[in-house]
Amino acid sequence: MVDLSWLPEPLRNPNNCHKDPIPGFPYSYGYKPSLAAGITFCALFGIAFFGHGFQSIRLRRWTSILLTIGALTELIGWAGRTWSSECPYNANAYLMQITTLIIAPVFVTAALYVLLGIFINNLGRQYSLLSARMYTIVFLTCDIVSLVIQAVGGAMASSASSNKEDPWPGTRIMIAGVVFQLISMTIFAGLTVDFTIRSSRLGRPAEYTSILVALYISFIAIYIRSIFRTVELCEGWTGYLMLREGYFIGLDGTLMVIAVSIFLVLDPARALSNRTRMSHKESKESMPGMAVY
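Residues 1 to 293 (the UniProt record's numbering) are what the sequence shown spells out, left to right.
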C-alpha cells in the first residue's frame, strides 16, 4: 500500500487530474508530457497494432503475433503519456507508461529471433552456426528473462517514486534488464551477419533479401533505443536525458515506430507464407535431388 499522506491534499488521490504545477512538487517526468506527441504516437502505434493484428488473424504467424503485442504495448504506454499530458501528477498514468514502454521492444526482438529461425528452417542448417530450434530456445529465453527483469524493476522504481522513496534499487534492476537485452542482441547481431554472409554465398530467394533488410532496420532501431535507455537510466531520474522529452521522442518513440512499422511495408508473414506455398508445390513437381527452398 503506497503511503500518500506526505502529499498535499490535491495529490493524495492517485486518480487525481491536477494540472497546475505545485511548488515543491515537480511533475513525475520532470516536465509536462506533450499532448501532440502522445496523440501522434498513439495513432502511429495504433495503425501498426491493427495492421499486424489483421495479419495475425489472417495468417496466424508468430512474427505477426509478436509484432502485434509489441505495437499494443507501445500503444498502451503512449496512451499513458497522453493521459499524463492532461493529468501530469496522476500516479496511475505514470506507472502505466513506465512499465510498458520499457518492455515493449522485447516483443519486437522476439519477432526478429523467430524470423531468423524461420529463414534457417526454410533454407537449411548449412546457412547458420545454430539450428532454428536453438535460436528459438536460446534467444526467446533471453527475451523472457529480460522482460521479467525490466518489468519488475520498472514497477519497483515507479512505486518508490510515488511513495517518495529511493527509486534506485528498482532503477538498477531496470538497467540490468536493458543491459542483458543489449548483450543478447549483440550476440544475435553476430549470428545474423553470419547468416547474411552464408546466404550470400549459398544463395537465397529474392523475397528473403527484402525481409532481411527489414530485419536489419528494425534491429538497428531497437539497438540504438536500448543504448539510449541504458544511458538515460544510468544518469538517474533527474539526469539530463530523463528531463528532456525531445530525446525520448526521438530516441525511443520514433525508433520504435520504425522498428514495428517497417514490417507493415515488408511483411515477413505474407512473403514467407507465399514462399512456403510455392515451395510445397515445387516439392511435388521437382525431380529427386533438386534443391527446394
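Each residue gets a CB set at the ideal place from its N, CA and C atoms; glycine is no exception.
Residue range of the alpha helix (DSSP H) that includes residue i
i           : result
Y52         : For clarity, residue 52 is His in the given sequence; the question names Tyr instead. Taken as a continuous stretch (DSSP letters only), the alpha helix (DSSP H) holding H52 covers 35-59.
M242        : From DSSP, M242 is part of no alpha helix (DSSP H); its letter is neither H nor E.
R204        : Taken as a continuous stretch (DSSP letters only), R204 belongs to no alpha helix (DSSP H), as it is neither H nor E.
residue 294 : Examination of residue 294 is not possible in this model, given that the chain is present from 1 through 293 alone.
F25         : Counting along the chain, F25 falls outside any alpha helix (DSSP H), and DSSP gives it neither H nor E.
Q97         : 91-101
L264        : 254-265
I249        : No alpha helix (DSSP H) holds I249; DSSP gives it neither H nor E.
P88         : Run containing P88: none; DSSP gives neither H nor E here.
F31         : A small correction: the amino acid at residue 31 is Tyr; Phe does not occupy that position in the sequence shown. Where Y31 is concerned, there is no enclosing alpha helix (DSSP H), given that its DSSP letter is neither H nor E.
T238        : Unbroken run through T238: none, as it is neither H nor E.
Y113        : 104-123
Through-space distance from residue j to residue i, alpha-carbon basis
i    : j    : result
F119 : F263 : 16 Å
M256 : V193 : 22 Å
M278 : N121 : Because the pLDDT of M278 is 41, which lies under 50, any placement of that residue in the model is unreliable, and the number read from its coordinates should be weighed accordingly. Taking the straight line from one Cα to the other gives about 16 Å.
L215 : A132 : 16 Å
H18  : S199 : 58 Å
A269 : A91  : 39 Å
G170 : E74  : 21 Å
Y89  : F139 : 38 Å
A104 : G236 : 21 Å
K32  : F107 : 28 Å
V213 : V114 : 15 Å
I224 : L251 : 7 Å
V292 : S28  : Low confidence applies to V292: its pLDDT is 28, below 50, so where it sits in the model is not reliable, and the reading given next is rough at best. Going from the Cα of V292 to the Cα of S28 covers about 57 Å.
A110 : L116 : 10 Å
F248 : D166 : 23 Å
V178 : I149 : 8 Å
C42  : L202 : 43 Å
S158 : L95  : 6 Å
A93  : E245 : 16 Å
S64  : L191 : 22 Å
M134 : I69  : 23 Å
T276 : G124 : Residue confidence is low: T276 scores 49 on pLDDT, short of 50, so the model does not pin down where it sits. Its coordinate-derived value is still stated next. In a straight line, the C-alpha of T276 is about 14 Å away from that of G124.
R61  : R81  : 31 Å
T230 : L147 : 15 Å
I76  : I197 : 38 Å
G51  : L66  : 12 Å
P26  : A79  : 21 Å
T186 : G253 : 21 Å
D20  : G30  : 13 Å
S184 : F228 : 17 Å
L130 : G46  : 35 Å
W168 : S261 : 34 Å
S56  : I22  : 46 Å
S126 : R58  : Here residue 126 is Gln; the residue named in the question, Ser, does not match the sequence. Near 32 Å, if we compare the C-alpha coordinates of R58 and Q126.
T136 : F180 : 17 Å
Nearest-angstrom beta carbon gap, residue j and residue i [assumed within contact, 8 Å]
i    : j    : result
T54  : A71  : Looking at the sequence provided, one finds Phe at residue 54 rather than Thr. Wrong, their Cβ atoms sit about 12 Å apart, outside the cutoff.
S128 : F195 : 5 Å
I175 : L233 : 5 Å
A271 : I217 : Actually they do not touch by this definition, with Cβ atoms about 15 Å apart.
S226 : L266 : Their Cβ separation, rounded to whole angstroms, is 22 Å, which puts S226 and L266 out of contact at 8 Å.
F219 : L112 : 6 Å
A160 : A221 : Between A221 and A160 the Cβ distance is about 31 Å, and since that is not below 8 Å, they are no contact.
Near the ligand COA: residue i beta-carbon under 6 Å from a heavy atom
i    : result
I120 : This structure does not include the ligand COA; it has no bound ligands of any sort.
Counting Cβ pairs, one atom from each stretch, are 3 or more of them under 8 Å apart for the stretch 72-91 and the stretch 26-43? Yes, since at least three Cβ pairs between the stretch 72-91 and the stretch 26-43 fall closer than 8 Å, the two stretches touch.
Inter-stretch contact (C-beta, 8 Å, three-pair minimum) for the stretch 138-154 and the stretch 96-103: Three or more Cβ pairs drawn from the stretch 138-154 and the stretch 96-103 lie within less than 8 Å of each other, which places the two stretches in contact.
Check whether the stretch 166-174 touches the stretch 135-144, counting contact only when three or more Cβ pairs, one atom from each stretch, lie closer than 8 Å.
Because the criterion of three Cβ pairs below 8 Å is not met, the stretch 166-174 and the stretch 135-144 do not touch.
Report yes or no: do the stretch 202-211 and the stretch 240-254 share at least 3 C-beta pairs separated by less than 8 Å? Counting Cβ pairs under 8 Å, fewer than three are found: no touch.
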